[in-house]
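Trainee:
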DNA sequence: CTAACCCCTGACCCTTGCGTCAGGGGCAAG
DNA sequence: CTTGCCCCTGACGCAAGGGTCAGGGGTTAG
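Chains as they are written, first to last, in my numbering: chain A, 415 to 544; chain B, 415 to 544.
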């Protein structure tokens, strides 16, 4: 499977795959004699895992620092913290992400409230610099 | 008043003032014979207004396209939509910003829910690509 | 006069996850 | 053999709001 097909199978683009490889999320794949990357189903599965974790808001660096555990999250395995030794290496980054999400939601909600208030009152009470 | 003092008075940096000037938020100020920018209290007030609007999430481009109305928001004036003709030129951009804030809050809240769910269940149900 | 700041312009750096060329080579079909 | 699609690497672009030099000049106190 060449990069275009692998990317399509994983729901992304060749550019993204090369990018993940460059950033250490994917092991350098086998190459054909002419230098073209060759992917198998396992790598495609791994890319799918990567995409889902990214969609949850984890960063490329988060995943890169735990690249050696990424295969533990393959979709065809039973993926449970209690049943998958080593999976809990993701717990810190996930809870950190949860915290930043909460902070961000709170910030935006606060902001939304102020902005709506301005509209309602005609903006007579601009807040001080925050 | 030179740029450093003006920036400090407005709670920001010289770089930001030059940036606002370059982007059309500030009129080019008077210059001394040697070319140094000279600011008065009115420009400082204007910068404060700019900073507050930016803090509310409006963009530099939003403000640039309405730069001619910015002085209407000076803090020492009574700032009311109904009493300040022309102020309503900000209404569209403010309501647009409100809409994007709502969308963003909803998105993050959704994300937070999924992430928390993963933690709770051990992540056995990864969502499809979204 | 000179140190110690301050200011000037222009230009590159940052963050994130890739998109988009640019220039050159590979590979199966007609 | 040629067309047409795919792949390679390397490098720049983006969005936003400035930060941070680099190199050169002003200004004011001692």
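No residue lacks a Cβ here, since even glycine has one placed at the ideal position from N, Cα and C.
Remember, predicted model here, so these are calculated numbers, not experimental data.
(1) Tell me whether the segment 514–526 of chain A and the segment 513–529 of chain B touch, counting them as touching only if at least three CB pairs, one residue from each stretch, are closer than 8 Å.
(2) For residue 507 of chain B and residue 504 of chain A, what's the separation of their Cα atoms in angstroms?
(3) Excluding the 5 residues flanking residue 425 of chain A on each side, which residues of the same chain have their C-beta closer than 8 Å to its C-beta?
(4) Show which residues of chain A have a CB atom less than 7 Å away from the CB atom of residue 528 of chain B.
(5) In whole angstroms, what separates the C-alpha of residue 527 of chain B from that of residue 513 of chain B?
(6) On the DSSP bridge assignment, give the partners of residue 452 of chain A in chain order.
(7) Alpha carbon to alpha carbon, what distance is there between residue 430 of chain A and residue 492 of chain A?
(8) Step through the CB atoms of chain B and report whether any lies within less than 9 Å of the CB of residue 532 of chain A.
(9) Could you name the residues of the same chain whose beta carbon sits closer than 7 Å to that of residue 477 of chain B, not counting the 5 residues immediately before and after it, in chain order?
(10) Can you tell me which of the three DSSP states residue 488 of chain A falls into?
(11) What are the boundary residues of the alpha helix (DSSP H) that includes residue 418 of chain A?
(12) Between A/470, A/416, A/458, which has its C-alpha nearest residue 530 of chain B's C-alpha?
(13) Do you know offhand how far residue 441 of chain B's Cα is from residue 456 of chain B's?
(14) Residue 477 of chain A lies in the alpha helix (DSSP H); which residues open and close that run?
(15) Quick one: what's got a C-beta closer than 7 Å to residue 437 of chain A's C-beta in the same chain, skipping five residues either side?
(16) Grab the span of the alpha helix (DSSP H) containing residue 433 of chain B for me, first residue to last.
(17) Quick one: what does DSSP say residue 471 of chain A is sitting in, helix, strand or coil?
(18) When you compare the CB of residue 419 of chain B with every CB in chain A, is at least one pair closer than 9 Å?
(19) Which of the three DSSP states is assigned to residue 522 of chain B in this structure?
Mentor: To lay it out plainly:
(1) yes
(2) 40 Å
(3) 462, 465
(4) 470
(5) Approximately 21 Å, taken between the alpha carbons.
(6) A/444
(7) Unreliable placement is indicated for residue 492 of chain A, whose pLDDT of 49 sits below 50; no coordinate value is reported for it.
(8) yes
(9) 439, 464, 467, 484
(10) In the structure shown, the three-state DSSP call for residue 488 of chain A is coil.
(11) 417–424
(12) A/470
(13) 11 Å
(14) 474–478
(15) 474, 478
(16) 428–436
(17) coil
(18) For residue 419 of chain B, the answer is no, since every Cβ of chain A falls outside 9 Å of its Cβ.
(19) helix
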